Amino acid sequence: MATIQVRVDSDTKAAADSLFSSLGFDTSTAVRMFLAASLENNGLPFQVRRHAVKPDLLEAIEDSRQRRNLHGPFSAAEEAVKSMLE
Numbered sequence: 329m330a331t332i333q334v335r336v337d338s339d340t341k342a343a344a345d346s347l348f349s350s351l352g353f354d355t356s357t358a359v360r361m362f363l364a365a366s367l368e369n370n371g372l373p374f375q376v377r378r379h380a381v382k383p384d385l386l387e388a389i390e391d392s393r394q395r396r397n398l399h400g401p402f403s404a405a406e407e408a409v410k411s412m413l414e
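In this note's numbering, the protein residues as written are 329 to 414.
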């Protein structure tokens with residue numbers, strides 16, 4: 329038998345413990361289930377992908393790179409936020 333140690337923040341651990349307990353098993357069992365499913369799938373047992381970037385965000389990024397449609401300078405953060413909301 330081998331031991332695996334994983335560091336996670338306390339809130340994540342508590343939330344995971346609560347979730348798995350509500351499903352009828354403990355976190356160690358959930359980790360063993362994850363490992364078994366990974367081996368059975370010869371990879372992760374779920375799809376890994378990046379979140380889609382919205383086209384308007386891509387346009388804003390390109391505008392900033394090309395120095396288009398820029399406003400300012402602003403003397404306060406409130407002015408910058410007001411400008412963004414216009």
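For glycine and all other residues, C-beta sits at the position ideal for the given N, C-alpha and C. Fair warning: this is a prediction, and the values are worked out from it, not measured in the lab.
Per DSSP, F348 is one residue of the alpha helix (DSSP H) stretching across 338-350. C-alpha of N370 to C-alpha of V336: approximately 25 Å in a straight line.
According to the DSSP assignment, S411 belongs to the alpha helix (DSSP H) that extends over 405-413. In the displayed model, R395 falls within coil according to three-state DSSP, outside both helix and strand. One Cα belongs to R378, the other to L372, and the distance between them is close to 15 Å.
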